[in-house]
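Written below as structure tokens is the structure these notes are about.
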Amino acid sequence: TDYLLRYHSLDIDVHEFYRYLDKLHSTQKEVVQQISYQHTLQILSGEISILFYDVTTLYFEIEREDELRKTGFSKEGRHQNPQIVLGLLVSIDGYPLAYEIFDGKKFEGHTMLPIIEAFKTKYKIPKIVIIADSGLLSADNIDQLQSKGYEYILGARIKSEKQLIKQHIFSLGLKNGESSMIEKDENTHLIVSYSDSRARKDKSNRERGLKKLEKQIQSGKLTKSNINNRGYNKYLKFEGEISVSIDSDKFDQDSQWDGLKGYMTNTKLSKQEVIENYGHLWKIEKAFRISKHDLRIRPIFHRLQRRIEAHICIAFTAYKVYKELERQLRIRKSTLSPEKAIEIAKTIYSVTVRTPITNQPMTKVLILNEEQKNLAKLFGF
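When we follow our numbering, the leftmost residue of the sequence shown carries the number 11, and every step to the right adds one.
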């Protein structure tokens, strides 16, 4: 309401918004997804054959669970807070296509197929390549993708491979920029690549995780009863029920994986094509980051499920608009980011006056500085 009053001189009671949300949740989700699909299809010259899928969690500052908001594995580290799980499907350039909301306990690996199947059926797409990260890699998902005729590129958990394959990976002796393909079976290939920059990043992440663990041990916050084996907790070892310490051997052994990255695929693409296509997955990660921070999808203060669903629908629409602004800036060869363009636009005002002679309204856009002038010239207003 503050935004509409300040920028559009609209004084609307907050309860009118709530009533609109009640209407929105059941009527507009399919509409906005349809519009987004058609617009994306036009942008991509009539073909959408590669889909990227990812999942995030959105937590709530509440204590009690309900049918939708439940405690589960939180990607935001808020394991005590009830949450919802949000699955998002985007195109090759990060344009949003479809989304679905799941209860907070839903295992992320079980969210992918329902969205993809519904999308393929709705738009009658004959062939789709699915790209997703290693969190969605499970034997069940791979079996279903294979049986339903999908091609896929999934992030591989190479540290969890059988010992024979791990030995094979180490024997490759890959150097910076090199990759190799390993046949898993007649349909599935494991591609492994190495880069120096990734090795530096992996090492930095391990060392940062180790320092965090050491700090927690010193503070007495870590005990056998209150930790799990996720993340860097694997570097811990226990003596009895009380003593917790760092397993330096495990930490040192993990260094041999620095710089290595795996990709599981059943496509006929070359190694480089698989790696390049998977590389676009950062765009969906960026979509979640933008939605959470720039578009303020959280915090969500709504209590009713229908209003939570409407809130997500609005956020999906806002992200689509954001992506179109990004595209328009790129078409105009502007160096402005969408965030900066929005920031400047918020400082531009217009005034409407009536002339004493004709009594007709006249609107004038107020351009007061160079930034505003450049934006106005860019978009012709």
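Glycine included, each C-beta is placed from N, C-alpha and C at the ideal position.
With Q93 as the anchor, note down where its beta strand (DSSP E) starts and where it stops.
As a working mapping, residue 93 is identified with position 83 in the sequence shown. That run of the beta strand (DSSP E) goes Q93 to V100.
One question on the structure: do K281 and M191 come within less than 7 Å of each other, judged by their Cβ atoms?
By 1-based counting over the sequence shown, the position of residue 281 is 271. By 1-based counting over the sequence shown, the position of residue 191 is 181. Against a cut-off of 7 Å, the Cβ pair of M191 and K281 comes out as a contact.
Could you tell me which residues DSSP pairs with I53 in its beta bridges?
Taking the sequence shown and counting its residues from 1, the one referred to as residue 53 is at position 43. Bridge partners of I53: none, in fact.
Got a sec, what are the start and stop residues for the alpha helix (DSSP H) T365 sits in?
By one-based count along the sequence shown, residue 365 stands at place 355. Per DSSP, T365 belongs to no alpha helix (DSSP H) and is neither H nor E.
Can you look up P8 in the DSSP assignment and give me helix, strand or coil?
An answer regarding residue 8 cannot be provided, because it is not within the stretch 11 to 391 covered by the chain.
By a C-beta neighbour count over all protein chains shown, 10 Å radius and 16 as the cutoff for buried, is Y17 buried or exposed?
Start at 1 with the first residue of the sequence shown, and residue 17 comes out as number 7. Exposed: under 16 other Cβ atoms inside 10 Å.
With respect to the alpha helix (DSSP H) encompassing G159, which residues constitute its N-terminal and C-terminal limits?
Along the sequence shown, read from residue 1 onward, the residue named residue 159 stands at position 149. Looking at the DSSP string, G159 is not in any alpha helix (DSSP H), and its letter there is neither H nor E.
Three-state secondary structure assigned by DSSP to K116:
Numbered from its first residue, the sequence shown carries residue 116 at position 106. Three-state DSSP puts K116 in coil, outside helix and strand.
Would G104 pass as a contact of A325 if the rule is Cβ separation under 7 Å?
One-based indexing of the sequence shown puts residue 104 at position 94. One-based indexing of the sequence shown puts residue 325 at position 315. No; because the gap between Cβ atoms is not below 7 Å, this pair is not in contact.
Would you mind reading off the limits of the alpha helix (DSSP H) that contains Y329?
Translated into the one-based positions of the sequence shown, residue 329 becomes position 319. From DSSP, the alpha helix (DSSP H) with Y329 extends over Q315 to I341.
Cα-Cα separation between R313 and F112, rounded to whole angstroms:
Translated into the one-based positions of the sequence shown, residue 313 becomes position 303. Translated into the one-based positions of the sequence shown, residue 112 becomes position 102. Looking at the two C-alpha atoms, the distance is approximately 16 Å.
Per-residue DSSP class, three states only, for S203
For the purposes of this step, residue 203 is taken as the residue at position 193 of the sequence shown. Strand.
Taking the CB atoms as reference points, tell me whether A209 and G269 lie closer together than 7 Å.
Mapped onto the sequence shown, residue 209 falls at position 199. Mapped onto the sequence shown, residue 269 falls at position 259. Yes, the Cβ-Cβ distance between A209 and G269 is below 7 Å.
CB-CB length for V202 against S181, believed under 8 Å
Locating residue 202 in the sequence shown gives position 192, counting from the first residue. Locating residue 181 in the sequence shown gives position 171, counting from the first residue. No, V202 and S181 are not in contact; Cβ-Cβ is about 11 Å, not under 8 Å.
Near L376, which residues of its chain fall below 6 Å by C-beta distance, leaving aside the five closest residues on each side in sequence?
As a first step, residue 376 is located in the sequence shown; it is residue number 366 there, counting from the start. Excluding positions up to five away in sequence, the list reads Y359.
What does DSSP give as the partner residue(s) for S190 in the beta ladder?
By one-based count along the sequence shown, residue 190 stands at place 180. The partner list for S190 (beta bridge, DSSP) reads V202.
Suppose contacts are defined by Cβ-Cβ distances below 7 Å. Is N91 in contact with Y109 by that definition?
Start at 1 with the first residue of the sequence shown, and residue 91 comes out as number 81. Start at 1 with the first residue of the sequence shown, and residue 109 comes out as number 99. Cβ atoms of N91 and Y109: not closer than 7 Å.
When burial is assigned at 16 or more other CB atoms within 10 Å of the CB, is Q93 buried or exposed?
Taking the first residue of the sequence shown as position 1, residue 93 is located at position 83. Counting Cβ neighbours within 10 Å, Q93 comes out buried, since at least 16 surround it.
Nearest candidate by alpha-carbon position, reference V395, set V139, K330 and M372:
With the chain covering 11 to 391 only, the question about residue 395 has no answer from this structure.
Note down, in chain order, each residue of its chain lying with its Cβ closer than 7 Å to the Cβ of V100, except the 5 sequence neighbours on either side.
Along the sequence shown, one-based indexing puts residue 100 at 90. So the list reads F62, P106, L107, K293, I294 and A297, once near-sequence residues are dropped.
Report all residues from its chain with a CB closer than 8 Å to the CB of K213; omit the five preceding and five following residues, and keep chain order.
Walking along the sequence shown from the start, residue 213 turns up at place 203. Cβ within range, chain order: S265 and D268.
Determine the contact status of A149 and Y273, defining contact as a CB-CB distance below 7 Å.
For the purposes of this step, residue 149 is taken as residue 139 along the sequence shown, with counting starting at 1. For the purposes of this step, residue 273 is taken as residue 263 along the sequence shown, with counting starting at 1. Result no, Cβ atoms of A149 and Y273 do not sit closer than 7 Å.
Inter-stretch contact at 8 Å, needing at least 3 Cβ pairs: the region 71-87 / the region 46-60
no
Just to confirm the assignment, what range does the beta strand (DSSP E) spanning P124 have?
In the sequence shown, counting from the first residue as 1, residue 124 sits at position 114. Note, P124: premise wrong, no beta strand (DSSP E); alpha helix (DSSP H) at M122 to Y133.
By the 10 Å Cβ neighbour count, where 16 or more other Cβ atoms means buried, how is I45 classified, buried or exposed?
Working through the sequence shown from its first residue, we reach residue 45 at position 35. So I45 counts as exposed.
Helix, strand or coil: how does DSSP classify S165 here?
Position 155 of the sequence shown, counted from the start, is the residue given in the question as residue 165. Rather than Ser, the amino acid found at residue 165 in this sequence is Gly. Three-state result, G165: strand.
What does DSSP give as the partner residue(s) for L3 in the beta ladder?
This structure does not reach residue 3, given that the chain is present from 11 up to 391, and the question cannot be answered.
Please say whether H303 and I310 have beta carbons closer to each other than 7 Å?
The residue you call residue 310 lines up with position 300 of the sequence shown. The residue you call residue 303 lines up with position 293 of the sequence shown. Not a contact, by the Cβ cut-off of 7 Å.
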